[in-house]
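Asker: Just passing along the structure, written as structure tokens.
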Amino acid sequence: MIIDFATGKVKKPVPPETATPVSSPEPKKPYTPAKRKPASLPVENRRAELAKIHVAKKQLAMDDETYRAMLMSQFGVESARDLSAHQRKSCILYMQRLGFEGKRGKASPQRTGERRKRRDVPLTLEKDDSGLGRDVYMRKIEAQLAEKGRAEGTKVPWGYAVAILKRQSGGVTKCFEHATVEQLRGVIAALTYDAKKKGRYSGAWGT
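Following this note's numbering, the numbering of the sequence shown begins with 61 at its first residue and continues without gaps.
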């Protein structure tokens with residue numbers, strides 16, 4: 061019994077169910093990391109093709125120098141990331157012709173043959189069916205590159221000569237397979253000038 065001394069009346073107790081309930085804190089929601097937006101199809105294709113090109117490089121046992129020379133001589137770039145979508149597909153096909161087999165994971169010796177040891181060598185040096193006599197000029201260029209490498213204590217890839225060819229043709233001719241005899245003479249002249257400038261033997265053609 062509760063008595064209100066101000067009025068002298070008995071106060072009725074408040075039933076428990078009418079009392080104001082104390083709210084309990086809401087449980088914390090578990091942390092959910094934000095989902096990444098899926099990449100577009102062209103981006104995914106580019107990643108897959110670049111990965112395949114690098115797998116091919118490893119499978120064909122290409123060192124970085126040979127790999128860059130191949131990209132420069134065939135596609136005019138120094139890195140696979142600079143290849144267009146069409147060039148990436150062409151690069152994969154080209155490396156398959158060199159012996160890359162993406163499914164089996166092995167290069168076929170029957171398909172690669174001697175080219176396994178000479179991957180960056182232009183086809184014009186190995187076999188020239190044009191009837192222009194370019195093989196003579198190509199052998200001269202090969203000898204000049206070998207002499208330059210011997211004198212400098214390093215290997216000078218064919219990509220070095222391809223870069224000269226591209227520069228002299230204004231980027232029109234990007235490989236020796238498409239070079240004319242006059243263009244080959246121009247490359248020989250540039251290598252001869254370099255040999256004379258640095259005091260190396262330039263051969264009979266440099267005189």
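Think of the CB as a built atom: it goes at the ideal place given N, C-alpha and C, for glycine as much as any other residue.
The structure displayed is predicted, hence computed values, not measured ones.
#1: Check for me: the alpha helix (DSSP H) holding T252 runs from which residue to which?
#2: CB I224 to CB M155, shorter than 8 Å?
#3: Report yes if the CB atom of G162 is closer than 8 Å to the CB atom of L120, and no otherwise.
#4: Is it buried or exposed, L153, if we count other Cβ atoms within 10 angstroms and call 16 or more buried?
#5: With C-beta atoms as the reference, is K234 less than 8 Å away from E125?
#6: Apart from the five residues just before and just after M132, which ones in its own chain have a Cβ nearer than 7 Å to its Cβ?
#7: Alpha helix (DSSP H) containing K146: first to last residue?
#8: Using the three-state DSSP reduction, which class does L205 fall into: helix, strand or coil?
#9: Is Q134 close to chain C, meaning its C-beta is less than 8 Å from at least one C-beta of that chain?
#10: Shortest alpha-carbon distance to G193 belongs to which of E109, T240, R157?
#11: In whole angstroms, what separates the C-alpha of C151 from that of A249?
#12: For E202 and K149, what's the separation of their Cα atoms in angstroms?
#13: Over what stretch of residues does the alpha helix (DSSP H) that includes T126 continue unbroken?
#14: Take P243 and list the residues in its own chain whose beta-carbon comes closer than 8 Å to its own, dropping the five residues that flank it on each side.
#15: Terminal residues of the continuous alpha helix (DSSP H) containing P314?
Answerer: In short, the structure shows the following:
#1: 241-257
#2: no
#3: no
#4: exposed
#5: no
#6: E138, G219, V222, A223
#7: For clarity, residue 146 is His in the given sequence; the question names Lys instead. It spans 145-157 - the alpha helix (DSSP H) in which H146 sits, taken as one unbroken run.
#8: helix
#9: This model lacks chain C altogether, as it is built from one protein chain only.
#10: T240
#11: 31 Å
#12: 30 Å
#13: 124-135
#14: For the sequence presented, residue 243 should be read as Gln rather than Pro. L225, Q228, S229, T233.
#15: No answer is possible for residue 314: it lies beyond the span of the chain, which begins at 61 and ends at 267.
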